[in-house]
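Residue numbers (my numbering): 70 to 296.
The structure appears right after this line, and notes come after that.
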């Protein structure tokens with residue numbers, strides 16, 4: 070079963086952290102990275118005032134081909150970074166462990182990552198990889214993204230799944246609403262009341278087996294991985 074882990078790592082312990090060297094009082098948030106592969110282009114936003122020295126320092130890094138300011142709004146700038154991910158041992162470990170990068174936020178001192186791995190064993194292998202590579206990291210909260218035993222459809226019955234998908238695709242939740250419960254009832258050959266009940270149960274089951282399951286997952290204290 071898939072597992073999500075929250076990880077802290079010193080900025081100086083991995084290549085991207087060294088590339089995006091920040092000044093005091095500045096934070097950086099990774100918006101997306103497409104793809105995590107041979108040519109990974111991260112888009113990241115930087116808060117507070119960013120001096121030209123930041124862009125110049127990043128541009129001059131040997132692992133960077135180019136940095137481009139995509140947009141600017143108030144005190145936030147969005148950049149794209151063309152770099153050589155093969156030089157980053159940390160991200161290579163994520164890739165080898167079949168990990169997915171869900172979020173990342175950095176400060177001058179450290180970064181926090183949210184990573185998804187296919188199994189607990191894959192996460193353990195990633196920790197061993199980092200230890201062998203002398204990468205100092207802390208693994209904090211670890212949890213399953215859904216309640217165990219819910220299956221591929223998060224506990225929904227086939228009828229609930231069919232009704233909810235039809236409602237979403239048909240525009241039932243659009244503003245303005247594009248389809249009514251009676252329209253759904255006619256399409257499914259059931260009563261209007263049955264449609265309402267299926268949608269209610271489907272949404273309840275989804276929330277219970279995803280959002281509530283995440284909140285109820287046991288959190289582990291941050292503890293450094295021993296080298």
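Just so it is clear, CB atoms sit at the ideal spot from N, CA and C, and this is done for glycine as well.
Assuming the contact rule is C-beta atoms closer than 8 Å, residue i and residue j should be a hit. Round their C-beta distance to whole Å, please.
i: residue 158; j: residue 204; result: 7 Å
i: residue 113; j: residue 170; result: Actually they do not touch by this definition, with Cβ atoms about 12 Å apart.
i: residue 239; j: residue 175; result: That belief does not hold up - the Cβ atoms of residue 239 and residue 175 are roughly 42 Å apart, past 8 Å.
i: residue 236; j: residue 253; result: 6 Å
i: residue 92; j: residue 177; result: 7 Å
i: residue 191; j: residue 167; result: 6 Å
i: residue 250; j: residue 264; result: 5 Å
So is residue i in contact with chain B if we call contact Cβ pairs under 8 Å?
i: residue 161; result: Reference to chain B is not applicable here, since this structure consists of a single protein chain.
Is it right to say residue i is buried, meaning 16 or more other beta carbons lie within 10 angstroms of its own, or is it exposed?
i: residue 80; result: buried
i: residue 70; result: exposed
i: residue 229; result: buried
i: residue 94; result: exposed
i: residue 290; result: Interpretation of residue 290 is limited by its pLDDT of 36, a score under 50 that renders its predicted location unreliable; the figure taken from the coordinates is listed afterwards. That one is exposed.
i: residue 274; result: buried
i: residue 72; result: buried
i: residue 146; result: buried
i: residue 148; result: buried
i: residue 188; result: exposed
i: residue 78; result: buried
i: residue 292; result: Unreliable positioning characterises residue 292 in this predicted model, as indicated by a pLDDT of 46, which lies under 50. The coordinate reading is nonetheless provided below. Under this definition residue 292 is an exposed residue.
i: residue 268; result: buried
i: residue 242; result: exposed
i: residue 244; result: exposed
i: residue 76; result: buried
Determine the direct distance from the alpha carbon of residue j to that of residue i, and round the result to whole angstroms.
i: residue 209; j: residue 184; result: 11 Å
i: residue 37; j: residue 88; result: There is no way to answer for residue 37, as the model of the chain reaches only from 70 to 296.
i: residue 196; j: residue 160; result: 12 Å
i: residue 105; j: residue 111; result: Low confidence applies here, because residue 105 scores a pLDDT of 47, under 50, leaving its location unreliable and the question unanswered by this model.
i: residue 36; j: residue 115; result: No answer is possible for residue 36: it lies beyond the span of the chain, which begins at 70 and ends at 296.
i: residue 127; j: residue 96; result: 15 Å
i: residue 213; j: residue 136; result: 36 Å
i: residue 206; j: residue 179; result: 10 Å
i: residue 226; j: residue 74; result: 29 Å
i: residue 124; j: residue 186; result: 33 Å
i: residue 131; j: residue 139; result: 22 Å
i: residue 129; j: residue 153; result: 13 Å
i: residue 224; j: residue 278; result: 7 Å
i: residue 248; j: residue 276; result: 23 Å
i: residue 101; j: residue 182; result: 12 Å
i: residue 83; j: residue 98; result: 16 Å
i: residue 260; j: residue 266; result: 10 Å
i: residue 199; j: residue 109; result: 20 Å
i: residue 231; j: residue 134; result: 48 Å
i: residue 144; j: residue 90; result: 18 Å
i: residue 222; j: residue 193; result: 27 Å
i: residue 256; j: residue 246; result: 16 Å
With DSSP as the reference, identify every bridge partner of residue i, one or two as the case may be.
i: residue 113; result: 99, 148
i: residue 78; result: 180
i: residue 133; result: 152
i: residue 72; result: 186
Original post:
What residue ranges within the stretch 136-205 form continuous beta strand (DSSP E) runs of no fewer than 3 residues, ordered along the chain?
Top reply: Runs of the beta strand (DSSP E) inside the stretch 136-205: 145-152, 169-175, 179-186.
**OP:** Return the chain-ordered ranges of every alpha helix (DSSP H) run that is complete within the stretch 209-268 and spans a minimum of 4 residues.
**Re:** Correct list: 227-239, 250-257.
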